[in-house]
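Sequence positions in the sequence shown follow full-length UniProt numbering and run 1 to 116.
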Amino acid sequence: MAEETIFSKIIRKEIPAQILYQDDLVTAFRDISPKAPTHILIVPNVLIPTVNDVEPEHEAALGRLFTVARKLAAEAGIAEDGYRLVMNCNRHGGQEVYHIHMHLLGGKSLGALVSC
């Protein structure tokens, strides 16, 4: 079993967080160090350390990340102008907490991330 994370404790409400959404698959809460006016973390309730650890049985929770992001973006009033969804994987990808999570960022122009 993977090591417990701070996100696991937030999901179980053992430590305080501004939870915006929670169901049986995912939990969404405000980032404590926001990088944009709207910065929400959306995490699966099951601990999956990195994207490299995703298995077929995680598909429902991972799909829910996107539908919850859509809902929260609309509620935050950023859907029309646009927003960014980011997932980091491992050290070189910028992952800091080893419990996969989606960053929902918006509320201002975010500029280019990477040229593709």
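Ideal placement from N, C-alpha and C gives every residue a C-beta, glycine not left out. This one's a predicted model, so the numbers in the text were calculated from it and none came from an experiment.
Cβ-Cβ distances below 8 Å link residue 81 to 106 in the same chain, with the five nearest sequence neighbours on each side left out; the list follows chain order. Excluding its 5 nearest sequence neighbours in each direction, residue 88 has C-beta neighbours in its own chain below 6 Å: 94 and 95, listed in chain order. Between residue 67 and residue 45, the beta carbon gap of about 15 Å keeps them out of contact (Cβ cut-off 8 Å).
Around the beta carbon of residue 33, fewer than 16 other beta carbons lie within 10 angstroms, which makes this residue exposed.
DSSP places residue 54 outside both helix and strand once states are collapsed to three, so it counts as coil. Using a C-beta cut-off of 8 Å, the stretch 48-59 makes no contact with the stretch 71-79, since fewer than three inter-stretch Cβ pairs fall below that distance. One alpha carbon belongs to residue 109, the other to residue 9, and they sit about 32 Å apart. With contacts defined by Cβ atoms closer than 8 Å, residue 7 and residue 86 do not form a contacting pair.
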